[in-house]
Every structure is written in C-alpha cells, then in structure tokens.
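J.:
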Amino acid sequence: SLSGVQCQCPETFTVEIIWRYTTYTTPKSVVYYIRYGAKHQIYDLIDHSNSYSSNLKLWHNGLLSYVNTISQLIWPISGNFEFPEWLLKSCQFLLVQEYVRLLSTWCEWNSASRKFILAVSLLEVGETQKACDYFLRASNGVLVDSFLSSLITSSNTASDSSALVLYYLKVIEIFEQHNAFDCIIELAMTAIAVAENNEPNLPTLHSIVFTQHLHLQHHIEAYNCLNTNPDNQRRVDCLRLLVLALFNRKKLIELASFPYVDMYTDLEKIMESRARSADLLENNYYDFLYSFHINKGNIRKAASIMYEQAIRLGQESYSLLTISKITHCLLSCINALHLVNEKYRWIVRPVMHANSSEEEKNLTKNRLELGEEILQFNLKKQIEVLELKDIKKEYTLAEAKLKLIKFNPDHCLATQTCPSEITAALCSAESLTSQCIKYCKKDATKIWKWLHRNNI
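Residues 1 to 456 (the UniProt record's numbering) make up the sequence shown, in order.
1. According to DSSP, is residue 449 helix, strand or coil?
2. Looking at residue 457: is its Cβ nearer than 8 angstroms to the Cβ of residue 119?
3. How is residue 77 classed by DSSP in three states: helix, strand or coil?
4. Could you please give me the residues that DSSP links to residue 383 through a beta bridge?
5. Tell me the rounded alpha-carbon separation between residue 181 and residue 327.
6. From residue 145 to residue 170, what distance separates their C-alpha atoms?
7. What is the residue span of the alpha helix (DSSP H) that residue 91 lies within?
8. Return the chain-ordered list of same chain residues with a C-beta closer than 8 angstroms to the C-beta of residue 289, the five sequence neighbours on each side being excluded.
9. Leaving out five residues before and five after residue 201 in sequence, what residues of the same chain have Cβ atoms less than 6 angstroms from its Cβ?
10. Give a yes or no on whether the C-beta atoms belonging to residue 83 and residue 74 are separated by under 8 angstroms.
11. What are the uninterrupted segments assigned as alpha helix (DSSP H) that are 4 or more residues long and contained completely in the region 258-291, given in chain order?
12. Pull up the distance between the alpha-carbon of residue 345 and that of residue 176, whole angstroms please.
13. Go ahead and pull the three-state DSSP assignment for residue 143.
14. From residue 15 to residue 63, what distance separates their C-alpha atoms?
15. Using the C-alpha atoms, what's the distance from residue 453 back to residue 386?
16. For the putative contact between residue 199 and residue 162, defined by C-beta atoms under 8 angstroms, what is the C-beta separation to the nearest angstrom?
17. Measure the beta-carbon distance from residue 207 to residue 238 and round it to whole angstroms, keeping in mind my assumption that it falls under 8 angstroms.
18. Quick one, are the C-beta atoms of residue 183 and residue 217 less than 8 angstroms apart?
19. Considering only residues of the same chain and omitting the five flanking positions on each side of residue 143, which have a CB-CB separation below 8 angstroms?
20. Less than 8 angstroms between the C-beta atoms of residue 256 and residue 291, yes or no?
21. Consult DSSP for residue 200 and reduce its assignment to one of helix, strand or coil.
22. Rounded to whole angstroms, what is the Cα-Cα separation between residue 121 and residue 133?
23. Kindly indicate which residue of 315, 308 and 90 has the alpha-carbon position closest to the one of residue 348.
24. Quick one, are the C-beta atoms of residue 185 and residue 213 less than 8 angstroms apart?
25. Going by DSSP in three states, residue 5 sits in which element: helix, strand or coil?
26. Using a 10 Å radius around the Cβ and a threshold of 16 neighbouring Cβ atoms, would you call residue 341 buried or exposed?
27. Going straight from the alpha carbon of residue 106 to that of residue 241, what length do you get?
28. Would the beta-carbon of residue 96 fall within 8 angstroms of that of residue 117?
29. Tell me where the alpha helix (DSSP H) around residue 399 begins and ends.
30. So residue 308 is in the alpha helix (DSSP H); what residue range does that whole segment cover?
31. In whole angstroms, what is the alpha-carbon distance linking residue 399 and residue 313?
32. Residues in the same chain with beta-carbon distance under 6 angstroms from residue 310, minus the five sequence neighbours each way, listed in chain order, please.
33. Of the choices 333, 321, 167 and 137, whose alpha-carbon is the least far from that of residue 151?
34. Need the endpoints of the alpha helix (DSSP H) that residue 183 sits in, please.
35. Does residue 207 come out as helix, strand or coil in the three-state DSSP assignment?
The following block contains the structure:
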C-alpha cells in the first residue's frame, strides 16, 4: 500500500516508493540485494538534476539504465555469476538451495558453478555426504565455468588432469575445516585416480589419504597408503606419524605386525630417536624395540638395545625402581646373547674420549705460539667391544647395588660408585647378617625378647 505517501516531486516520490518496498520485504532477499545500489544510484541522479519537470526525462532514462544493469546481474542466462556468489558469501544457504532448485530444470548456464555453491551450502548445514556428491558432479565444469576456473590460482596448468587435481585440493581444504574425514578420503582417492604419474601433487594426495585414515584409526589402510606414496621423504614422515599414533593408542601389537618391507631401517631410526629423547621411566620404546628385534630374529641388535637402556638408566639418580630396571635390562641382554652363536656373543658401544694426551697438549701450545687459530676442540670417537663376560660383570655389580638398596632403602649410591665401595658396603651388611646367624645358633632367648620389646 502506498497510502500516506506525500508526493512533493517526482524524484522524492520514486525514492519513497523504492524505500517502502525494500523496507517491507524480507531481509537478505533479491530486493535487498539491489536496495543499497538502487538508493545510491537514485540519490546520485537527484543530486545532479534540478527539481523541475523538464529534467524528468533524464531521470527516467537513468532509472531504465539502472534497471537494465540490475536485470543483467540477476538474469541466470549469462556469464555473470555474481548474484549466487553474493548469496553464498552472505551465508544465505537456504536461499542458495532454493535458487539452484528453481534453475535446475531449465537453465544450463553455469550449471557446474551452481552445483558447487549448492555443495558448499549443504556442507554448511551438515549434509556432508550430499555435499561431497555435488562437489564431484561440479568437477566437470572446472575448465568451462569461469567461477570454478577462478578457484584454481595457478593459471599454468599443464593438462586437464592437473586442473582437476587443484580443484579437488581446494575442495579438500573446505572439508578439512568441517573435519569430514571420510569425505576427504573419497575426494583424495578420486583425485589420485585422475592424476597423471608425473603429477607433482600426487605425494600430497597420498599423504592426505594416510592422515585421514589415521584420524579414523584405520591403521591397516593407513599403512597401505604409506607404502604407495611415491615420495620417500613423505613416506618416512607418514611412518613417524603412524608410530607415534600407535604408541599413544597402545596398539603395539599392530605396530609390530606390519612387514615394513623397505622401511625397516627407517622404523629403527625413528624408534631409536624417540627412545633416546623420551623419559626413560615413562616410556617403553626400548622394550618395544627389544621385542621387535627378537620377533624379526635380530638377536644381537635386541641385546644391544637392552644394554643401551641399562647404560642410560645408570646415568639417572639411583632408586629401587631404577636399579631394578638396570638389572632386568642387563639380564635380558645376557639372555639374548646366549641365544646366538658363541663367536658372535659380543656387542659394541660408542665411547667418547677427549684428546687430552701430552702430545696433543704440546701440539696445541705450539700452534698458539705460531699464531694459528684453534677453531674447536676435537673429540675422538671410538668403538668399544663388549664381550659376554664383561656384561656379566656389570650385571653382578648392578645386582650388588640392588641388594644394598633393598637392605637399606635410605642408602645413597652415587651413579658412578666404584666396585671397591660397593664391596665395602656389602661386607658391612653381610657382617650384620652373619652376627644374626651366630646368635640364632645360641640360646638367645634374652636377645629375642629385647628385639620384641623394641619392635624389631
């Protein structure tokens, strides 16, 4: 209804009509789209025209040109896709779905682009499977529709398959924001199927499939994707992620059951690196490596792993738990070496020695007198061979320390306690034991009563 509109001049009357119409319509509708542009254009015409009726012709011509421009923007049979794109950016997802439905039966222009915006709107309202289906349908117009072509930032695409791969990567980014892991796998597998063998993004697609399977805890599928990745470095990175995920999920049996045909060395390096960097008392990387090598038949390597764990535990502050683990590690090492041939019952360990001999000290002094610059102090790395008898000696020493700390939990042992000090402590403890045995052989009724009175 236009009742109550006071017509002072044609220009203000037209402005009032448009203002009333746009005010009473639903917000974010088609009229809302043209409202602000219409107001700006009309006020601009009023400012540049007089209020006389002689300029009314100029006003009508300007309004007709403006309406013509708006109709070109809204009309779907054109190369222009700004209106549906604006609806999508304005988060009018229900209007986008209605817009696509109205045009689906008769308009063939920008059909792939309409499927794309419909897929985005469905994804935003939680219809992930339907959205994935429409994204796949929209891929046919990647090189046809200008809107979809603009999504691919790289203009130097070598082939149609490369353009499709870039399109699927863009769509995967959208799904990653919604954590739709199963749909990402389907899209990535479709991209792998259409990609050529020399496609540079092929390792990325394999890594994406691996990551999504790992999120869904599909460990066997993740391992298979890891093996099919054509990039060696990506394969190692994925293997590291698989190891960490299985350790955090306590799936050690699955981790040990994989064949690792061409990645045995990589797995060993990853596990050793994690074992050496993690807390010894709160991780079981060394224990897993020991069981893994035993399962694969590499007995000497398993013994070396247990010995390394014992040496590292020996650098920690001594407690009952620490010394107990040291004895168990050394005993496992000895047990493993007994399973191999006698001539192979040895392991090696790296030893770092400083070059502190008199000859090298004199050499350093002479160099300084000649004015030569000493850039660094070199360390000489040596390999020490440990036979089975040497490891047994270390086990005997660790067992003695365990006896001492069990005898007196408050007894303090330094990390580098020498055997002579341990022998003296054992003799002291042994003398108390011998004294008790000697009293037991006598008639020691008074002694037992005294012990009972003192709660000993």
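Using N, Cα and C, we set each Cβ at its ideal position, and we do this for glycine too.
Keep in mind it's a predicted model, so treat the numbers as computed, not measured.
T.: So, to answer that:
1. In the three-state scheme derived from DSSP, where H, G and I count as helix and E and B as strand, residue 449 is classed as helix.
2. This structure gives no information on residue 457, because the portion of the chain shown stretches from 1 to 456.
3. Under the three-state reduction of DSSP, residue 77 is assigned to coil, being neither helix nor strand.
4. Looking at the DSSP assignment, residue 383 forms a beta bridge with 350.
5. A straight line joining the alpha-carbon of residue 181 with that of residue 327 spans about 47 angstroms.
6. Rounded to whole angstroms, residue 145 to residue 170 spans 16 angstroms at the Cα level.
7. Where residue 91 is concerned, there is no enclosing alpha helix (DSSP H), given that its DSSP letter is neither H nor E.
8. Correct list, in chain order: 268, 271, 272, 275, 302 and 305.
9. Cβ contact annotation for residue 201 (same chain, cutoff 6 angstroms, sequence separation greater than five): 165, in chain order.
10. In contact: residue 83 and residue 74 (Cβ atoms closer than 8 angstroms).
11. Those alpha helix (DSSP H) runs which fall completely within the region 258-291 and span 4+ residues are 264-277.
12. CA-to-CA, the gap between residue 345 and residue 176 works out to about 53 angstroms.
13. Here residue 143 sits in coil by DSSP.
14. Residue placement at residue 15 is poorly supported in this model, since its pLDDT is 37, which falls under 50; the coordinates still yield a value, given next. Looking at the two C-alpha atoms, the distance is approximately 11 angstroms.
15. Cα-Cα distance, rounded: 53 angstroms.
16. About 7 angstroms separates the two Cβ atoms, so the contact holds.
17. Correct: roughly 6 angstroms between the Cβ atoms.
18. With contacts defined by Cβ atoms closer than 8 angstroms, residue 183 and residue 217 do not form a contacting pair.
19. Correct list, in chain order: 149, 160 and 163.
20. For residue 256 and residue 291, yes; Cβs fall inside 8 angstroms.
21. Residue 200 falls in the coil class under three-state DSSP.
22. One alpha carbon belongs to residue 121, the other to residue 133, and they sit about 13 angstroms apart.
23. Nearest C-alpha to residue 348: 308.
24. If you check the CB distance, residue 185 and residue 213 come in under 8 angstroms.
25. Any reading at residue 5 must be qualified, since the residue scores a pLDDT of 37, below 50, and its modelled position is unreliable; the value itself is stated next. In the structure shown, residue 5 sits in coil (DSSP, three-state: anything other than H, G, I, E or B).
26. Result: exposed.
27. Those two C-alpha atoms are separated by around 50 angstroms.
28. The Cβ atoms of residue 96 and residue 117 sit closer than 8 angstroms to each other.
29. That run of the alpha helix (DSSP H) goes 388-407.
30. It spans 299-314 - the alpha helix (DSSP H) in which residue 308 sits, taken as one unbroken run.
31. Cα atoms of residue 399 and residue 313: separation of roughly 14 angstroms, rounded to the nearest angstrom.
32. Cβ neighbours of residue 310 within its own chain (closer than 6 angstroms, five residues either side excluded): 326, 329 and 330.
33. Minimum Cα distance to residue 151 is reached at 167.
34. Unbroken alpha helix (DSSP H) run through residue 183: 181-194.
35. Three-state result, residue 207: helix.
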